[in-house]
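Numbering (the working numbering), first residue to last: 8 to 410. First comes the structure, then the notes that go with it.
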C-alpha cells in the first residue's frame with residue numbers, strides 16, 4: 008500500500024476544513040496533485056501529459072495558519088509547474104523554461120611577449136563559451152572577425168586581445184594568461200654546407216666525413232650512447248663546430264658552398280639566401296594573334312630554411328637546403344633558362360649543442376676524354392670517360408639562446 012493511500016486511511020474529516028494541518032512525505036507528483044484536488048480542494052482539475060509522467064517525489068507540510076491552495080500553488084511553481092483556472096477548472100502544466108542570462112563583460116589584455124593570434128588560439132579551449140576579438144590601438148578599432156575558434160580569426164593583426172564573456176571566464180583567463188604569455192624560446196643555428204668530390208671507391212660524402220671524424224676525434228659512427236647514425240644522417244653531442252671546419256678544410260675534396268648562421272624563434276621559420284633572382288617565362292597568352300609572355304623572377308643560389316620547435320628536453324628542426332643555378336635551355340622553351348637545383352629537406356630531433364651531418368644528395372657526371380697526340384692519326388689515341396661525383400654534406404649545430 009503506497010504512502011498516499013496510507014495518508015487517506017488515517018486522515019480525519021477535519022483535515023478538509025479551512026485551516027487544515029496535514030503532511031505528505033515522498034509521494035509522486037501526479038498522485039499528490041490527484042489527492043490534494045480530490046480530497047482537500049474538492050475541485051475539478053486537468054493534468055498535462057508531461058506532468059502525469061513527472062517522476063519527482065514531493066514532501067511538504069501545511070499548517071492551520073496557511074491557505075492550503077496558495078501554499079500548494081506556490082509549491083508547484085517552485086517546481087516550474089503552473090496552475091491556471093478557467094470555468095472553474097484548474098489546468099496544471101509545465102511552465103516554459105526561461106534561460107537565465109548570465110551577465111557578460113569585456114576584458115582587454117595587451118600581450119607582453121606572444122602575439123594576439125597565439126594567445127587567442129591557446130586560450131580558446133580554456134573559455135569555450137566566450138568570444139575573442141582583436142583591437143588595434145593605432146587604428147582605434149575592434150574587430151570581431153569570425154571563423155576558426157570562438158569567432159576569432161588567427162590571421163587578424165592587432166596588438167590588444169579583447170575577450171567578451173562571464174566574470175568567471177574572465178577570472179579564469181587572468182589566472183592562465185601569465186603562464187601562457189611568456190617569452191618564446193630562441194635557438195642559434197650555425198654551420199657549413201660542403202660540396203664533396205668523391206668517387207665510387209670513396210663512397211658517399213657523408214661516409215668520407217664520418218671517416219675523418221673517426222680518425223681525428225675517435226667518434227665511432229653507429230656506436231651506442233650519445234652518437235647516432237642513419238643512412239644519410241649523423242648526430243653527435245661532443246665536438247666543436249670550428250674544429251670540424253678546420254678538419255674538413257684540410258681535405259681538398261671538401262669545398263664550402265655556404266656558411267649559414269641564423270637565430271630563430273621557436274615556431275617561426277628563419278631563412279638564409281645568397282644568390283640572384285632570374286627572370287623566367289611563366290606562361291604565354293594570346294591577345295588576338297599576338298603572343299604575350301608573362302615573366303616571373305625565380306631565386307637561385309644558396310637557400311637555407313630552418314623551422315625550430317623548442318621542447319623542454321629536445322629541439323625539433325625542420326631543415327630545407329637548396330643549391331640551384333640556371334643553365335641555358337637547349338630543348339623546349341629556349342627563351343627561358345633551365346633551373347638546375349639540389350635540395351635537402353629533413354626533420355630531426357637534437358639536444359642542445361648537438362652537431363648533425365646530413366648527406367645523401369649526390370650528383371654524378373661523366374666526362375669523355377681523348378688521350379694521345381693531336382697531330383697523329385686517331386688510331387694512335389685512346390678514348391675513355393671519367394666518372395665524377397659530388398655530394399652535398401650539411402653540418403649544423405643548434406644551441407638554445409640563454410634568456
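Where is the CB? At the ideal position from N, CA and C, for every residue including glycine. Because the structure is a prediction, the values reported are computed rather than measured.
Nearest residue (CA-CA) to residue i, options the options
i, options, result
"residue 258", "269, 220, 291", "220"
"residue 403", "368, 363, 367, 397", "363"
"residue 80", "99, 70, 93, 71", "99"
"residue 316", "134, 359, 284", "359"
"residue 133", "308, 183, 92, 304", "183"
"residue 303", "289, 314, 309, 127", "289"
"residue 242", "328, 77, 361, 276", "361"
"residue 239", "47, 401, 139, 103", "401"
"residue 310", "216, 199, 343, 211", "199"
"residue 73", "266, 366, 27, 269", "27"
Where residue i falls: helix, strand or coil (DSSP)
i, result
"residue 44", "helix"
"residue 203", "strand"
"residue 105", "coil"
"residue 182", "helix"
"residue 71", "coil"
"residue 187", "helix"
"residue 265", "strand"
"residue 35", "strand"
Contacting residues, own chain, Cβ-Cβ under 6 Å from residue i (five flanking each side not counted)
i, result
"residue 299", "292"
"residue 223", "254"
"residue 368", "349, 351, 399"
"residue 278", "312"
First and last residue of the uninterrupted alpha helix (DSSP H) at residue i
i, result
"residue 223", "212–224"
"residue 352", "Taken as a continuous stretch (DSSP letters only), residue 352 belongs to no alpha helix (DSSP H), being part of the beta strand (DSSP E) at 345–357."
"residue 76", "75–85"
"residue 127", "123–130"
"residue 250", "248–256"
"residue 134", "Counting along the chain, residue 134 falls outside any alpha helix (DSSP H), and DSSP gives it neither H nor E."
Through-space distance from residue j to residue i, alpha-carbon basis
i, j, result
"residue 30", "residue 67", "6 Å"
"residue 203", "residue 346", "21 Å"
"residue 130", "residue 166", "16 Å"
"residue 306", "residue 188", "37 Å"
"residue 181", "residue 318", "25 Å"
"residue 186", "residue 178", "14 Å"
"residue 287", "residue 331", "14 Å"
"residue 139", "residue 115", "10 Å"
"residue 117", "residue 83", "51 Å"
"residue 263", "residue 119", "41 Å"
Neighbourhood of residue i by C-beta distance below 7 Å, restricted to the same chain and skipping five residues each side
i, result
"residue 410", "190"
"residue 108", "none"
"residue 55", "99, 100, 101"
"residue 406", "194, 195, 359, 360"
Residue i, enclosing beta strand (DSSP E) - first and last residue
i, result
"residue 289", "277–294"
"residue 310", "297–317"
"residue 112", "111–116"
"residue 58", "It is not in any beta strand (DSSP E) - residue 58 instead sits in the alpha helix (DSSP H) that spans 56–59."
"residue 91", "88–93"
"residue 331", "322–334"
Neighbourhood of residue i by C-beta, 8 Å cutoff - its chain only, sequence neighbours within 5 removed
i, result
"residue 113", "169, 170, 171"
Cutoff 8 Å: residue i Cβ touching any chain D Cβ
i, result
"residue 178", "Reference to chain D is not applicable here, since this structure consists of a single protein chain."
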